[in-house]
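Visitor: All residue numbers for the sequence shown refer to the working numbering, where the first residue is 3 and numbers rise by one. Idealized CB from N, CA, C, for every residue including glycine. The structure displayed is predicted, hence computed values, not measured ones. My questions will all concern the structure given below.
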Amino acid sequence: MPTSLTAFPSDRTQRWILVPGVASTRQIEIRNETDTPVEAHLRVEQPPAASVSPGIMTIPPRHSRVADVLFLATWSPDGQGQLALSFRDVQGNDLGAFTQEIVAADSVDCNLSLELKDDVMVDQALIGLKLWCTLVSRSSTPRRFEVDFTPHPALRFPERKTITLAPGETSAFDIPVQWNRAVRDMSGWNHPRSIEAFVPVTEGRRAAVIAWERLEQRLAQYLNPEDRQARIVVATAPERRNDFLEKTPGQLKYEELVELRRLEQSVVAPPTARATTKLADDVRTAPPGRRSPVATVVTIAFAVVALVLAGFFFLRPPGHQADDSPISVSPLKLTPALGSRVTPAKAHAKSALHPPAANPAWTSVGAAALSPTTVTPAVARHATPPATRTAPSQAHPQPAAQPPIDRNQVVALSGVEAAYEPGGRAVSVAWDGSAQASARVELVDFTGKIIASHAIRGTGAQAVLHLPRGYHGPLSVNVTAFGYHGERVVQTASLSSPE
Numbered sequence: 003m004p005t006s007l008t009a010f011p012s013d014r015t016q017r018w019i020l021v022p023g024v025a026s027t028r029q030i031e032i033r034n035e036t037d038t039p040v041e042a043h044l045r046v047e048q049p050p051a052a053s054v055s056p057g058i059m060t061i062p063p064r065h066s067r068v069a070d071v072l073f074l075a076t077w078s079p080d081g082q083g084q085l086a087l088s089f090r091d092v093q094g095n096d097l098g099a100f101t102q103e104i105v106a107a108d109s110v111d112c113n114l115s116l117e118l119k120d121d122v123m124v125d126q127a128l129i130g131l132k133l134w135c136t137l138v139s140r141s142s143t144p145r146r147f148e149v150d151f152t153p154h155p156a157l158r159f160p161e162r163k164t165i166t167l168a169p170g171e172t173s174a175f176d177i178p179v180q181w182n183r184a185v186r187d188m189s190g191w192n193h194p195r196s197i198e199a200f201v202p203v204t205e206g207r208r209a210a211v212i213a214w215e216r217l218e219q220r221l222a223q224y225l226n227p228e229d230r231q232a233r234i235v236v237a238t239a240p241e242r243r244n245d246f247l248e249k250t251p252g253q254l255k256y257e258e259l260v261e262l263r264r265l266e267q268s269v270v271a272p273p274t275a276r277a278t279t280k281l282a283d284d285v286r287t288a289p290p291g292r293r294s295p296v297a298t299v300v301t302i303a304f305a306v307v308a309l310v311l312a313g314f315f316f317l318r319p320p321g322h323q324a325d326d327s328p329i330s331v332s333p334l335k336l337t338p339a340l341g342s343r344v345t346p347a348k349a350h351a352k353s354a355l356h357p358p359a360a361n362p363a364w365t366s367v368g369a370a371a372l373s374p375t376t377v378t379p380a381v382a383r384h385a386t387p388p389a390t391r392t393a394p395s396q397a398h399p400q401p402a403a404q405p406p407i408d409r410n411q412v413v414a415l416s417g418v419e420a421a422y423e424p425g426g427r428a429v430s431v432a433w434d435g436s437a438q439a440s441a442r443v444e445l446v447d448f449t450g451k452i453i454a455s456h457a458i459r460g461t462g463a464q465a466v467l468h469l470p471r472g473y474h475g476p477l478s479v480n481v482t483a484f485g486y487h488g489e490r491v492v493q494t495a496s497l498s499s500p501e
């Protein structure tokens, strides 16, 4: 049934702003809507720190009266954010009610709403959403609000947006959301149950939620069965190697370097060397009072080997001694230089003008040692030039020696650069690095799918990959360099859509 009395605030505001710790008074206007006088008993239902004066009033028909609502200094915004008054007659019958929102003067509050504005398409494929967010300030003073979203693995939201609003001011803005449909959460879904935006306020936070079922109805024509069902993806854990293989040389500790050196010796050294090294380590690390008797045996064995070698070199019988008879040295026969075309006649004339040098001859080994520059002239012989001359042998160029490969270095990768080839249907990739045993280059589309790859053996540092037919979206270029011991490093570059 219709109430007899109606009430509204005298200042016509939607909420009252109070200062905590300070007593204050607000006024309400109560109107009698009937044709008979009404005696009203006013009572404050909440909050406990408020009262009304007068408590009883008689209102003539079609007239209004003003009542004061008193708030004590003990009022607090925590749990006391609304005023509720009840109007009753003498018998206790309900005549009407009045409610008013109460906020603290230093509080931060707002209203937040979220709607789907549009979808984002690339090559007729859905890659994201565009949301429309509206924020209304409910603070009594200018305040700063931060809009954030509940994260999900498949959705990428923009950075937290900060807005400063005056009391009662409204702000509306777009929020682009990227959707990677190939990524799934722990439950197997590639989307959340709802998209939630929230803003921290004095009493917690204000939130706005859009259920995903509502988005599915709007985007039904772009969705496929994979988007409507959960699918658990079992990911194999990568093989874990020793920690020191993943660190740079500057980060290796002394103990890790020792372990690495022992590993190299166990792989490269022969079995005898490995056994000797291990035995020497055991003897060196064992305490003096607990050394194994094997150490004594090894020491004796080394001493016996040393004695045998000394006897072999110092006690062997004398060999054949050199005599003091003269030594004759035959003249050196020189092969004509490659490409020389001297005729027999010219060669004879040249030998006549320039006789051959004297051949050295010593009477004894001692004389040869004392006078290395003393020579005995020999009789010049002019040999008759041969009638025919054989062609000089062709010299084959020898390949340049390759520098040795240091397989103890840790693989490094830097400076990955990618660019489109003329025509925009191929991508040229180049990089720098060291200690590379092999490499792999991959092109990844905007959904995270590998659309092209190329493997390289050795130290190659460039590759050209062709795009699939019909693809025109952005790209991510991943370069993985593998070391000689299986370690690897990865660097990424990105390319926008080719124009």
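(1) Does residue 418 pass the burial test, meaning 16 or more other C-beta atoms within 10 Å, or should it be called exposed?
(2) For residue 167, does the three-state DSSP call read helix, strand or coil?
(3) Measuring alpha carbon to alpha carbon, tell me which of 122, 144, 138 ends up nearest residue 182.
(4) In angstroms with no decimal places, state the Cα-to-Cα distance between residue 202 and residue 9.
(5) Can you give the Cα-Cα distance for residue 281 and residue 467, rounded to whole angstroms?
(6) Does the stretch 41–51 come close enough to the stretch 87–94 to have 3 or more Cβ pairs within less than 8 Å?
(7) In chain order, what residues of the same chain have a beta carbon less than 7 Å from the beta carbon of residue 138, not counting five sequence neighbours either side?
(8) Assign residue 184 to one of three DSSP states: helix, strand, or coil.
(9) Under DSSP, the alpha helix (DSSP H) around residue 214 begins and ends at which residues?
(10) Put residue 146 into one of helix, strand or coil per three-state DSSP.
(11) Would you check if the distance between the CB atom of residue 464 and the CB atom of residue 431 is smaller than 8 Å?
(12) Is it buried or exposed, residue 381, if we count other Cβ atoms within 10 angstroms and call 16 or more buried?
(13) Measuring only the C-alpha atoms, how far is residue 309 from residue 297?
(14) Which first and last residues belong to the beta strand (DSSP E) in which residue 424 is found?
(15) Suppose you measure from the CA of residue 55 to the CA of residue 66; what does that come to, to the nearest Å?
(16) How should residue 485 be labelled, buried or exposed, when 16 other C-beta atoms within 10 angstroms of its C-beta is the threshold for buried?
(17) Within 10 angstroms of the Cβ of residue 106, are there 16 or more other Cβ atoms? Answer buried if so, exposed if not.
(18) Which term fits residue 149, buried or exposed, when burial requires 16 or more other beta carbons within 10 angstroms of its beta carbon?
(19) Note the first and the last residue of the continuous beta strand (DSSP E) segment covering residue 41.
(20) Starting from the Cα of residue 97, find the closest Cα among 469, 35, 140, 117 and give me that residue.
(21) Measuring straight from C-alpha to C-alpha, what distance separates residue 217 and residue 117?
(22) List the endpoints of the continuous beta strand (DSSP E) containing residue 451.
(23) In the structure shown, what three-state DSSP assignment does residue 407 receive?
(24) By alpha-carbon positions, which one of 226, 115, 124 ends up nearest to residue 212?
(25) Taking the beta strand (DSSP E) that residue 58 belongs to, which residues open and close that run?
(26) From this set, 119, 104, 299, 53, which residue's C-alpha is nearest residue 69's C-alpha?
(27) Less than 8 Å between the C-beta atoms of residue 469 and residue 496, yes or no?
(28) On the DSSP bridge list, what partners appear for residue 140?
(29) If you follow the beta strand (DSSP E) that residue 482 is in, where does it begin and where does it stop?
(30) How would you write the range of the beta strand (DSSP E) that residue 198 sits in, first residue to last?
(31) Along the beta strand (DSSP E) that carries residue 70, what are the first and last residues, could you check?
(32) Do you know how far the Cα of residue 51 is from the Cα of residue 146?
(33) Ignore the nearest five residues each way along the sequence and tell me which others in residue 461's own chain have a CB closer than 6 Å to its CB.
(34) Between residue 187 and the rest of its own chain, which residues show a CB-CB distance below 8 Å, the 5 nearest in sequence each way excluded?
(35) From the DSSP secondary-structure annotation, give me the bridge partner or partners of residue 89.
Guide: Checking against the coordinates, here is how it stands:
(1) Sequence index remark: in the sequence shown, residue 418 carries index 416 (1-based). With 16 or more other Cβ atoms inside 10 Å of its own Cβ, residue 418 counts as buried.
(2) For the purposes of this step, residue 167 is identified with residue 165 of the sequence shown, where counting begins at 1. Strand, per DSSP.
(3) Position 180 of the sequence shown holds residue 182. Taking only the C-alpha atoms, the option nearest residue 182 is 122.
(4) The count along the sequence shown starts at 1 and reaches residue 202 at position 200. The count along the sequence shown starts at 1 and reaches residue 9 at position 7. Their backbone Cα atoms lie some 33 Å apart in a straight line.
(5) Taking the sequence shown and counting its residues from 1, the one referred to as residue 281 is at position 279. Taking the sequence shown and counting its residues from 1, the one referred to as residue 467 is at position 465. Low local confidence applies: a pLDDT of 48 at residue 281 is under 50, so the model's placement there is unreliable, and no value is given.
(6) yes
(7) For this step, residue 138 is matched to residue 136 along the sequence shown. Here the set comprises 112, 113, 172.
(8) As a working note, residue 184 is residue 182 in the sequence shown. Here residue 184 sits in coil by DSSP.
(9) Locating residue 214 in the sequence shown gives position 212, counting from the first residue. Residues 214–220.
(10) By one-based count along the sequence shown, residue 146 stands at place 144. In this structure, residue 146 counts as strand in the three-state DSSP scheme.
(11) In the sequence shown, counting from the first residue as 1, residue 464 sits at position 462. In the sequence shown, counting from the first residue as 1, residue 431 sits at position 429. Yes.
(12) Your numbering for residue 381 matches position 379 in the sequence shown. At residue 381, the pLDDT of 39 sits below 50, so the modelled position is not reliable; the number obtained from the coordinates is stated separately. When all chains shown are included, residue 381 counts as exposed.
(13) Locating residue 309 in the sequence shown gives position 307, where the first residue counts as 1. Locating residue 297 in the sequence shown gives position 295, where the first residue counts as 1. Each residue's Cα considered, the two are about 19 Å apart.
(14) Locating residue 424 in the sequence shown gives position 422, counting from the first residue. It is not in any beta strand (DSSP E) - residue 424 carries neither H nor E in the DSSP assignment.
(15) The residue given as residue 55 occupies position 53 in the sequence shown. The residue given as residue 66 occupies position 64 in the sequence shown. Residue 55 and residue 66: Cα-Cα distance of roughly 15 Å.
(16) On the sequence shown, position 483 is the one that residue 485 refers to. Counting Cβ neighbours within 10 Å, residue 485 comes out buried, since at least 16 surround it.
(17) As a position in the sequence shown, residue 106 is number 104, starting the count at 1. With 16 or more Cβ atoms within 10 Å of its Cβ, residue 106 is classed as buried.
(18) For the purposes of this step, residue 149 is taken as residue 147 along the sequence shown, with counting starting at 1. With 16 or more other Cβ atoms within 10 Å, it is buried.
(19) For the purposes of this step, residue 41 is taken as the residue at position 39 of the sequence shown. 40–48 is the span of the beta strand (DSSP E), which, as asked, contains residue 41.
(20) Residue 97 sits at position 95 when you count from the first residue of the sequence shown. Looking at the Cα atoms, 35 is the closest of the given residues.
(21) Reading the sequence shown from its first residue, position 215 is the one you call residue 217. Reading the sequence shown from its first residue, position 115 is the one you call residue 117. Computed Cα separation, rounded: 10 Å.
(22) As a working note, residue 451 is residue 449 in the sequence shown. Note, residue 451: premise wrong, no beta strand (DSSP E); not H, not E.
(23) On the sequence shown, residue 407 is found 405 positions in, with the first residue counted as 1. Looking at residue 407 - three-state DSSP - the assignment turns out to be coil, as it is neither helix nor strand.
(24) For this step, residue 212 is matched to residue 210 along the sequence shown. Distance check between residue 212 and each of 226, 115, 124 places 115 closest, using alpha-carbon atoms only.
(25) Working through the sequence shown from its first residue, we reach residue 58 at position 56. 58–61 is the extent of the beta strand (DSSP E) around residue 58.
(26) As a first step, residue 69 must be located in the sequence shown, where it is residue number 67. The candidate whose alpha carbon is nearest that of residue 69 is 53.
(27) Taking the first residue of the sequence shown as 1, we reach residue 469 at position 467. Taking the first residue of the sequence shown as 1, we reach residue 496 at position 494. Going by C-beta atoms, residue 469 is not nearer than 8 Å to residue 496.
(28) Position 138 of the sequence shown, counted from the first residue, corresponds to residue 140. DSSP lists no partner for residue 140.
(29) By 1-based counting over the sequence shown, the position of residue 482 is 480. According to the DSSP assignment, residue 482 belongs to the beta strand (DSSP E) that extends over 477–484.
(30) What you label residue 198 is simply residue 196 of the sequence shown in a count that begins at 1. Here the beta strand (DSSP E) through residue 198 covers 196–203.
(31) In the sequence shown, the residue the question calls residue 70 occupies position 68. From DSSP, the beta strand (DSSP E) with residue 70 extends over 66–73.
(32) Position 144 of the sequence shown, counted from the start, is the residue given in the question as residue 146. Position 49 of the sequence shown, counted from the start, is the residue given in the question as residue 51. Near 30 Å, if we compare the C-alpha coordinates of residue 51 and residue 146.
(33) Taking the first residue of the sequence shown as position 1, residue 461 is located at position 459. Within the same chain, residue 461 has close Cβ partners 438.
(34) By one-based count along the sequence shown, residue 187 stands at place 185. Correct list, in chain order: 154, 155, 156, 194.
(35) Within the sequence shown, numbered from 1, the residue matching residue 89 stands at position 87. DSSP, once it has assigned bridges, lists 44, 98 as partnering residue 89.
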